[in-house]
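First up is the structure itself, then whatever we jot down about it.
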Amino acid sequence: MRQFFVIQHSHHEFLGTIEKQLEHREIGFVYIRPFLGQSVPGTPQDKDALFLLAGPMDPTEKDDFPYLTEEEFLAGQFLKNDQPVVGIGLGAQLLAEHYGGAASEDPELTAEFVTARKTEAGEGDALAEELDGQEVFLWHAGSVTLPEGVAPTLVDERDRWLAFRPHPMAYALLFRPEIKPGMIEDMVMEDRPCPEGVGNLLEYSRASWGAGRMQAVTDKVVMALVKELALMQPHAQEGPGYELNVRDD
Numbered sequence: 001m002r003q004f005f006v007i008q009h010s011h012h013e014f015l016g017t018i019e020k021q022l023e024h025r026e027i028g029f030v031y032i033r034p035f036l037g038q039s040v041p042g043t044p045q046d047k048d049a050l051f052l053l054a055g056p057m058d059p060t061e062k063d064d065f066p067y068l069t070e071e072e073f074l075a076g077q078f079l080k081n082d083q084p085v086v087g088i089g090l091g092a093q094l095l096a097e098h099y100g101g102a103a104s105e106d107p108e109l110t111a112e113f114v115t116a117r118k119t120e121a122g123e124g125d126a127l128a129e130e131l132d133g134q135e136v137f138l139w140h141a142g143s144v145t146l147p148e149g150v151a152p153t154l155v156d157e158r159d160r161w162l163a164f165r166p167h168p169m170a171y172a173l174l175f176r177p178e179i180k181p182g183m184i185e186d187m188v189m190e191d192r193p194c195p196e197g198v199g200n201l202l203e204y205s206r207a208s209w210g211a212g213r214m215q216a217v218t219d220k221v222v223m224a225l226v227k228e229l230a231l232m233q234p235h236a237q238e239g240p241g242y243e244l245n246v247r248d249d
C-alpha cells in the first residue's frame with residue numbers, strides 16, 4: 001500500500017475532499033501536526049509522497065513557526081529522491097520560497113474564487129489542461145513571488161500565479177482543491193483574519209458545492225496528480241501493519 005506524509009497546519013485545514021479520493025485508490029496517509037507539537041520528520045522514511053497543506057500563517061513567520069523551515073527541508077529530501085511533493089496554499093508558498101521565491105506578509109489575506117487560466121508553460125500539463133477555465137478557491141496569507149526562471153502553469157484573471165512545477169515530481173497549488181464549505185465555516189470560527197463580506201463568500205461556496213463545481217475541481221486535480229506524479233506507483237518498501245488514514249481530529 002502506498003503511504004503519504006501529510007503536514008497539517010491547523011485543526012480545520014486537512015486533506016478535506018482529497019481524503020476519499022486517496023482512500024479509493026488505496027493510498028494511506030499519516031498526518032503530522034507540528035502546530036500541536038509533533039516533530040516534522042527529517043527524512044522521507046518509508047513514505048511514498050509528501051503533501052504540505054494550507055495554514056493560517058504567512059510564509060514570513062518562520063521565527064514564530066520554525067517547523068516551516070523543517071518542512072521545506074523535508075520537501076527537499078523527498079525531491080532529491082525523485083519522490084512526489086504537493087504543496088497546497090501555504091504549502092505551495094513554502095515550495096516557491098524553497099526554490100528561491102521572495103516571501104512577503106502582504107497581502108494579509110487573499111480569500112476569493114477566481115478563474116484559472118492555462119499559460120504557455122502549462123501546455124501539455126495534465127493539471128493545467130484540466131483546470132483551464134475552471135473556478136478555483138483561494139484562501140492564504142501573505143505572498144511569495146515565483147523563483148527566477150520559473151513560469152506558472154496556471155494564473156488567474158489578474159495574472160497572479162495559481163500553480164507551478166518547481167521539479168518534475170512536484171506541484172505547487174496556491175488554490176485550495178481540498179476545500180469544502182464546512183471547512184471554510186470552521187476557519188471563519190477560528191481566531192484568524194477573515195475577508196470583508198465573508199458571509200457572501202460562504203454563501204457562494206455553498207452554491208458552488210451544491211452545483212458540484214468544487215467537487216469537480218477536486219476530481220480533476222487528483223486525477224492529474226496521479227497521472228503526472230505517478231502517485232499510484234510505490235516509491236518505498238511496503239511494510240506490514242500499516243493503518244489507512246490515521247487522522248484523529
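Going by UniProt numbering, the letters in the sequence shown line up with residues 1 to 249, in that order. Even glycine gets a Cβ: it sits at the ideal position worked out from N, Cα and C. Here the structure is a predicted model, which is why all the values come from computation and not from measurement.
Secondary structure of residue i, DSSP reduced to three states
i: T153; result: coil
i: S104; result: strand
i: H9; result: coil
i: H167; result: coil
i: R213; result: helix
i: Y31; result: strand
i: L162; result: strand
i: K220; result: helix
i: residue 252; result: The displayed coordinates of the chain run from 1 to 249. Any statement about residue 252 would go beyond what the structure contains.
i: Q45; result: coil
i: L52; result: strand
Proximity to residue i [Cα-Cα], best of the options
i: M214; options: D186, P177, E203 and V188; result: P177
i: A92; options: L201, L68, P107 and G16; result: L68
i: G124; options: T153, L138 and V144; result: T153
i: A96; options: P166, I18, D82 and F29; result: P166
i: G199; options: E185, P193 and G210; result: E185
i: E157; options: G122, T60 and G133; result: G133
i: M1; options: A49, D106 and E196; result: A49
i: A111; options: R33, Y31, I32 and R192; result: R192
Terminal residues of the alpha helix (DSSP H) in which residue i lies
i: G76; result: Y67 to K80
i: L127; result: A126 to L131
i: L22; result: I18 to H24
i: V40; result: Segment: none, V40 is in no alpha helix (DSSP H) and carries neither H nor E.
i: D186; result: P181 to M189
N-terminal and C-terminal residue of the beta strand (DSSP E) that residue i is part of
i: Q88; result: Residue identity differs from the one stated: residue 88 is Ile in this sequence, not Gln. Counting along the chain, the beta strand (DSSP E) containing I88 begins and ends at V85 to I88.
i: E135; result: E135 to H140
i: V114; result: T110 to T115
Practice task
Indicate whether the contact test is met: 3 or more Cβ pairs, each with one atom in the region 85-95 and one in the region 167-174, closer than 8 Å.
Solution key: As far as the Cβ criterion goes, the region 85-95 touches the region 167-174, which means the pair count is three or higher.
Handout entry: Stretch pair the region 3-19 + the region 45-59: three plus CB contacts closer than 8 Å
Key = Touching, yes, given that three or more Cβ pairs across the two stretches are closer than 8 Å.
Practice task
Could you say if the region 115-135 and the region 222-235 meet the contact criterion of at least three C-beta pairs nearer than 8 Å?
Solution key: Touching, yes, given that three or more Cβ pairs across the two stretches are closer than 8 Å.
Problem - the region 98-106 touching the region 137-152, judged by at least three CB pairs closer than 8 Å - result: In this structure the region 98-106 lies against the region 137-152, because at least three pairs of beta carbons, one per stretch, are closer than 8 Å.
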